[in-house]
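To start, the structure under review is shown below, and the notes come after it.
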Ligand code: DX5
Ligand code: ZN
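Residue numbers (this note's numbering): 104 to 320.
Structure, rendered in structure tokens:
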């Protein structure tokens with residue numbers, strides 16, 4: 104069954120501890136932490152101390168999405184704060200030596216993901232698939248919650264799913280941005296194994312029901 108990684112990006116941070124506990128109770132497989140530095144993306148969210156606090160609040164694995172310009176300078180600190188998966192953007196300055204950065208994350212005992220912006224071709228993954236635990240397909244331009252899913256993301260997900268299967272690898276495909284109960288089936292059919300959902304879960308009156316609907320139950 105597809106895994107659900109709710110993003111706390113649109114939550115009220117004054118009550119973050121309660122929110123992550125509620126998400127756990129409601130069946131979240133991961134907690135998606137959107138870290139933004141105001142340089143790689145035009146928004147600032149939160150950083151290391153918040154990730155550490157969430158790690159202290161719940162035992163649900165933390166799926167840390169770094170939308171920052173120099174991820175290589177911070178992966179060690181995020182690992183120390185309790186990240187279970189660290190995803191870096193291949194477009195970021197600090198990911199110039201992408202294979203080295205992936206190895207650095209894995210040497211920290213953390214799962215490694217690479218994220219692709221909507222305009223980035225999946226060809227960039229060709230020589231790193233074998234080192235990866237996860238590919239994150241951005242289906243909106245990163246920076247904000249509540250945007251609309253970009254339809255051609257489905258074609259990119261299919262392409263990546265085919266490459267992973269042809270190579271005989273076990274790599275998750277996470278899809279992030281504009282994921283709703285109304286489009287989750289088509290995203291999973293295209294090959295997604297993990298769905299990020301910010302507004303679809305955190306703004307829903309019933310988070311458990313929202314997670315069930317995203318799974319197609
Ligand atoms: C966007 C973030 C997403 C976002 C998802 O830059 O990476 O994780 O918060 O929010 P929704 O699901 O509302 O598009
Ligand atoms: Zn994200």
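Every residue, glycine too, gets a C-beta built ideally from N, C-alpha and C. These figures come from a predicted structure and were not determined experimentally.
Classified as exposed, residue 269 has fewer than 16 neighbouring CB atoms from the shown chains inside 10 Å of its CB.
Across the set 315, 193, 149, 279, the C-alpha of 193 shows the shortest separation from the C-alpha of residue 224.
Pairing residue 151 with residue 117, the inter-Cα distance amounts to about 16 Å. For residue 109, the pairing in a beta bridge is given by DSSP as 300. A Cβ-Cβ contact shorter than 8 Å links residue 185 with residue 165. Of the residues 132, 190, 288, the one whose Cα lies closest to the Cα of residue 234 is 190. Between residue 211 and residue 156 a beta carbon distance of about 20 Å is seen, past the 8 Å cut, so the two are scored as non-contacting. Between the alpha carbons of residue 247 and residue 177 lies a gap of roughly 22 Å. For residue 137, the beta-bridge partners assigned by DSSP are 168. Residue environment for residue 254: exposed (fewer than 16 other C-beta atoms within 10 angstroms of its C-beta).
Where residue 237 is concerned, the enclosing beta strand (DSSP E) starts and stops at 237 to 241. Taking 8 Å as the cut-off, the beta carbon of residue 123 is found closer than this to the beta carbon of residue 134.
Relative to ligand 2, the nearest heavy atom lies less than 7 Å away from the CB of residue 168. Look at residue 110: its beta carbon is less than 7 Å from one of the heavy atoms in ligand 1.
Contact between residue 245 and residue 144 is confirmed by a C-beta separation of about 5 Å, below the 8 Å threshold.
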